[in-house]
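I have placed the structure first, in the form of structure tokens, so that the comments after it can refer back to it.
There are 2 protein chains.
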Amino acid sequence: MEAAAKAAPAVSFDTSPERYRHWKLAMDGAVATLSMDVQEDAGLSPDYKLKLNSYDLGVDVELADAIQRLRFEHPEVHAVIITSLKERVFCAGANIFMLRGSTHAWKVNFCKFTNETRLAIEDASQHSGIKFLAALNGICAGGGYELALACDEIILVDDGNSAVSLPETPLLGVLPGTGGLTRVVDKRKVRRDLADVFGTVAEGVKGKRAVEWRLVDAVYPTSQFRARVAARAQELAATSDRPAAGPGIALTPIRPTVTDSTVSYSAVTLDIDRGKRVATLTVSGPGPGQPSTIDEILSAGDQFWPLRAFRELDDALLRLRVMEPLIGTIVVKTCGDQDAVLAVDQLLFDHQQHWLVREIIHFMKRTLKRMDLTSRSFFALIEPGSGFAGSLFELALAADRSYMLDDPEAENAIALSPMNGGLLKMSNGLTRLETRFLAEPQRVDALLQRTGSFTAEEALEEGLVSFAPDELDWDDEVRLAVESRAALSPDALTGMEANLRFAGPETMETKIFGRLTAWQNWIFIRPNAVGAKGALTAYGSQSRPEFDFNRT
Amino acid sequence: MEAAAKAAPAVSFDTSPERYRHWKLAMDGAVATLSMDVQEDAGLSPDYKLKLNSYDLGVDVELADAIQRLRFEHPEVHAVIITSLKERVFCAGANIFMLRGSTHAWKVNFCKFTNETRLAIEDASQHSGIKFLAALNGICAGGGYELALACDEIILVDDGNSAVSLPETPLLGVLPGTGGLTRVVDKRKVRRDLADVFGTVAEGVKGKRAVEWRLVDAVYPTSQFRARVAARAQELAATSDRPAAGPGIALTPIRPTVTDSTVSYSAVTLDIDRGKRVATLTVSGPGPGQPSTIDEILSAGDQFWPLRAFRELDDALLRLRVMEPLIGTIVVKTCGDQDAVLAVDQLLFDHQQHWLVREIIHFMKRTLKRMDLTSRSFFALIEPGSGFAGSLFELALAADRSYMLDDPEAENAIALSPMNGGLLKMSNGLTRLETRFLAEPQRVDALLQRTGSFTAEEALEEGLVSFAPDELDWDDEVRLAVESRAALSPDALTGMEANLRFAGPETMETKIFGRLTAWQNWIFIRPNAVGAKGALTAYGSQSRPEFDFNRT
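So the protein lines, in turn, are chains F and U. Take the position in the first sequence, starting the count at 1, then add 370; the result is the number in the numbering used here. Take the position in the second sequence, starting the count at 1, then add 370; the result is the number in the numbering used here.
See the structure below:
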């Protein structure tokens, strides 16, 4: 049933505008225009052509990079128009031939990354004051419309032909899985019966009806389209609280040293043991000489420890997802001076209103969410010399379990900071401490008000770590935990972790990664989609799909 | 990958205590005791033996019936002890050999029904004032613990051996999919790292640790167990607002007339066209001579129209799910006197505080939820003579789409009633009108305040129906809609409908049917569970499972 297991194409998550193949970024004062212009022959694999602005992971890596750079490098940008340079085509969505030729795991990771990118657009709107306007200059299908849905507003050209559509169900037998179904009814609040029709009509909806059904905000004839888009973008830009002028800071390339078993960055190291299917991820705390003022932060730029360390962590997590599918368990360690982490945390907390500090904090938040959403088991090991304090302690809170050595001979502590208090929220809208202590919400405030660090005994007593073995038990207990985890069904673990990590309220974001993604993953392995006669397999061929019509 | 497609075992959803094979119901004043005593050889299929109080659908049908009867037949029951008559065994969960031998669709429908039964326990606690106490007299594994989780409180015997456990992931490579993962972290608010450990340790957790981890509310040594359970049940019973004494009303058997293509009840008819994969479900409104007082309602008993009609509707939906897997589209019609429906609705609304009326209303609510959760497409057809008013109009609101004939020559109207206003809430905690008009919440109140019926034109204008074709277009438009629906991938429709039907907030209930169920369905077709060397396949054999360790 599964596509023949090909080697996953090589992909780098590090790019920059001068290297973009598929997007053009143009600045005009407070308004940037990000234009899709996908190069057909520049897909990650030669097996498909990216026609009609269809996309693969490589296209989306560039989009994610552009959004990220607008936040850090261009504080003067207050609104972004997302449009296309192709005549009469906005975007045809994810490339079907790419999907069809991909393994199940690749499909799932591709969708996860594209979902994260769209959520990053919404995060930039909500938290950075950058408003996004989708200017649909032509056909806008599937993932193309899902990209538009992630924007604050959608303007569609009214040329008698251009429509928005979600043709996945009628044409491909799969879902619009990049948030489409969720955003249609939950964000744009399209009536569910109209959404039902929309989701089954391959040709989509255009013109006045698209506005009436709330699928787009406005339609304009071709003659007025560009002017109306430009005017609306100016209006959106005027609502921003970003600085009137730059400069921003440059995001320089992330270039780890890679060997067969290690990936080494400046503050992050990944040690991979494929035999045991375990990787060790170590994050180092800040060294001496960190900034203590906004000017020094601006001057340090992307070398300021939290930004540098979390960018490297983000890259390491993405590498693990895509390039190391057999690594099931990730042992998380930290090292460094906890007081230095706490000092950086306090600096970030004190200056959280400054545009750059705000960006750094939200980036840390998004990276931690990426960890929450990574379908591997994380076990945090807290040993003497660890840097598990404040924002770095979020790594232990994000882990599925934590083990803290309780050795009277070796000082071993953890600490909290104001950064554990509300700036690094999970997808469910709660902090990791709030999610952890759902049963005792009052405990969260008490913990945050306490000053000073926690010994292993105290951390265990306060529920901040899972276990605190003593020095006699430590090696065996940790080894057994890691080994027994590695022996379990990877699918059951993925499902279990996806359910246990997101206790408490659900948000549009958790609905996308919970309900929508889980159903899509199910459909992605059903014969009706990917079997020899499934709809995804049959697409673009002469043959029509044949379904097993049993309903499940 | 899938188990050989056997004919699904015959199952009736109609039972009664004197016919129970697996449960004993005993009354003692305000406290009832429902004891599991599964007969090994009385499973639905001879292919497996129901050892150690493990269960199949037949066992759960009896449980659902018992809960239902306690509500209607025994208003004097204020608390229920759920326990077992087997020595040292409470319940071993769903029968593994049954699961292994079942088709994917059967597994999914089995889990859906058992989930609905557990939610019915919580519904009885929340809305009927019947408190449930799980008295775990022995080992309590998997679905057994999930049943306990649905109770208000859990008491576990502390005999050095009895533990609660969710061994699905470590032993079977699947999830505890009957709400287990969700209720552990969301209802009992077990810390997520402890839940992670609990979910991977086959032997479970017992004694004091089970209390400390919040997995159970109390443990007592064998010598005290029964007395403590009895005492606590009395305390729980004392919190109830139910009548001090009966009598209740009898729920008589539902005995439809069944032919190859029809199932006919007194107020419900199901016409099945397997060639087109379409069924027509018709519900008739009340006839003349309906009760107008509480005494008359009590006297009418289960023949009172709303109870009779919705019991039949519930049975019809369950039959469709389990016995008609190829029917993908269900055309929903009603007939009868709308004023009579509105009169019954007003009577129910006026007496909603009375214990029996309360039960009837909550039963209607649960039946409509059963429809929301049925993975078939529902299209409501509103034609002259229809009974789509008030509570019956909920059927149109629950449908994926509605079509209303707009023919100037034929009077055709719909109407709302107070029953559309808040008594028949969906799983998401909103009414169907609120879910429909998420974008315009003020419209809901305006519609409910309006008196009088809506013509097709008005209903369309107010957004109460999807389409209102005129008499020239009606036949073609409806036929095309039904035909084109039947041609789509049944899996994609299941996923699409599951996402579009539950816009708005998520609740523990929607999390169970969204996030948890969707992941479980995914795992249920993965080779790591059901392949030749999968864990579910290997269970109980001499061979160990072999996994593809790629993480997804």
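Glycine included, C-beta positions come from ideal geometry on N, C-alpha and C.
| task | Could you pull out every unbroken beta strand (DSSP E) segment of at least 3 residues lying fully inside the region 462 to 517 of chain U, listed in chain order? | result | If only uninterrupted beta strand (DSSP E) runs of at least 3 residues are considered, those enclosed by the region 462 to 517 of chain U are 501 to 506 and 509 to 511.
| said: Quick check on ASP715 (chain U): buried or exposed, where buried means 16 or more other Cβ atoms within 10 Å of its Cβ? | reply: buried
| task | Return yes when the Cβ of LEU775 (chain F) is within less than 8 Å of the Cβ of VAL701 (chain F), no when it is not. | result | no
| task | Return the residue from the list U:LEU551, U:LEU830, U:GLU388 and U:CYS461 that minimises the CA-CA distance to LYS881 (chain U). | result | U:LEU551
| request: Go through its chain and collect everything with a Cβ distance to ASP672 (chain U)'s Cβ below 8 Å, but skip five positions before and after it. | output: PHE442, ILE619, ALA620, LEU621, THR622, ARG678 and ARG681
| query | Rounded to a whole number of angstroms, what is the C-alpha to C-alpha distance between GLU779 (chain U) and ASP845 (chain U)? | reply | 16 Å
| request: Select from U:GLU446, U:MET468, U:ILE500 and U:GLU841 the residue whose C-alpha is nearest the C-alpha of GLU523 (chain U). | output: U:ILE500
| query | Does the beta carbon of GLN890 (chain U) come closer than 8 Å to any beta carbon on chain F? | reply | yes
| What three-state label does DSSP hand ALA380 (chain F) in the structure shown? | In the three-state DSSP reduction, ALA380 (chain F) falls in the coil class, being neither helix nor strand.
| So does the region 712 to 731 of chain F actually touch the region 829 to 847 of chain F, counting three or more Cβ pairs closer than 8 Å? | no
| request: Quick one: using the 10 Å Cβ neighbour count with 16 as the cut-off for buried, is PRO897 (chain F) buried or exposed? | output: buried
| task | Find the residues of chain U that neighbour GLU876 (chain F), judging by a C-beta separation of less than 7 Å, and give them in chain order. | result | GLU876 and LYS881
| message | Less than 8 Å between C-beta atoms, sequence neighbours within five positions excluded: which residues of the same chain meet that for ILE525 (chain F)? | response | LEU503, ALA504, ALA505, LEU506, VAL586, ASP587, ALA588, VAL589, TYR590, PHE595, ARG598, VAL599 and ARG602
| task | Please list, in chain order, all residues of the same chain as PRO379 (chain F) whose beta carbon is under 7 Å from its beta carbon, the five residues on each side excluded. | result | Closer than 7 Å at the Cβ level, and outside the excluded window around PRO379 (chain F), lie LEU414 and SER415.
| query | Where in the region 807 to 842 of chain F do unbroken runs of the beta strand (DSSP E), each at least 3 residues long, occur, reported from the N-terminal end onward? | reply | none
| message | I'd like the span of the alpha helix (DSSP H) that includes MET789 (chain F), first residue to last. | response | For MET789 (chain F), there is no enclosing alpha helix (DSSP H), as DSSP marks it with neither H nor E.
| query | Considering ALA572 (chain F), what are the terminal residues of the beta strand (DSSP E) in which it resides? | reply | No beta strand (DSSP E) holds ALA572 (chain F); DSSP gives it neither H nor E.
| request: Quickly, what does DSSP pair MET774 (chain U) with across the bridge? List them, please. | output: U:ILE752
| message | Among the candidates F:ALA768, F:PRO387 and F:LEU858, whose CA atom is the shortest distance from the CA of THR737 (chain F)? | response | Selected option, being the one with the closest Cα: F:ALA768.
| Pick from U:ALA829, U:VAL478, U:LYS394 and U:LEU433 that is closest to ILE893 (chain U), judged by C-alpha positions | U:VAL478
| Selection of the region 637 to 667 of chain U by Cβ proximity to chain F, strictly under 8 Å | ARG647
| task | Check LEU455 (chain F) in the structure and name its three-state DSSP category. | result | Residue state, collapsed to three classes: coil.
| request: Specify the secondary structure class of VAL727 (chain U) as computed by DSSP and reduced to three states. | output: When secondary structure is reduced to three states using DSSP, VAL727 (chain U) falls in the helix class.
| query | For GLY508 (chain F), which option in F:LYS456, F:LYS557, F:THR487 and F:LYS559 has the closest C-alpha, if you only look at C-alpha atoms? | reply | F:LYS456
| What residues in its chain sit with their C-beta under 8 Å from that of GLY910 (chain U), if we drop five residues either side in the sequence? | Excluding sequence positions up to five before and after GLY910 (chain U), its CB lies within less than 8 Å of the CB of ILE466 and PHE467, all in the same chain and listed in chain order.
| Is GLN819 (chain F) near the ligand GDP, with its Cβ less than 7 Å from a heavy atom? | Of the ligands one can find in the structure shown there are none, so the ligand GDP has no counterpart to examine.
| request: Give every residue of the same chain whose Cβ lies closer than 7 Å to the Cβ of GLY463 (chain U), excluding the five residues on either side of it in the sequence, and list them in chain order. | output: SER424, ALA511, GLY512, GLY513 and GLY514
| query | By a C-beta neighbour count over all protein chains shown, 10 Å radius and 16 as the cutoff for buried, is GLN496 (chain F) buried or exposed? | reply | With fewer than 16 other Cβ atoms within 10 Å, it is exposed.
| field | Candidates F:GLU753, F:LEU542 and F:MET789, of which the one nearest MET866 (chain U) by Cα | value | F:LEU542
| said: Please list the terminal residues of the continuous alpha helix (DSSP H) segment that includes GLU443 (chain U). | reply: 427 to 443
| Contact under 8 Å by Cβ, ASP861 (chain F) with THR922 (chain U) | yes
| Using a C-beta cutoff of 8 Å, does GLY799 (chain F) count as contacting chain U? | no
| query | Quick one: does THR737 (chain F) have its CB under 8 Å from some CB of chain U? | reply | Output row for THR737 (chain F): interface = no.
| Under the three-state DSSP convention, the category ALA400 (chain U) falls into | coil
| task | Kindly give me the distance between the Cβ atoms of THR699 (chain U) and ARG647 (chain U), rounded to whole angstroms, as I take these residues to be in contact under 8 Å. | result | 7 Å
| Own chain residues within Cβ distance below 6 Å of SER382 (chain U), not counting five before or after | Close CB contacts of SER382 (chain U) within its chain, under the 6 Å cut and outside five residues either way in sequence, are absent.
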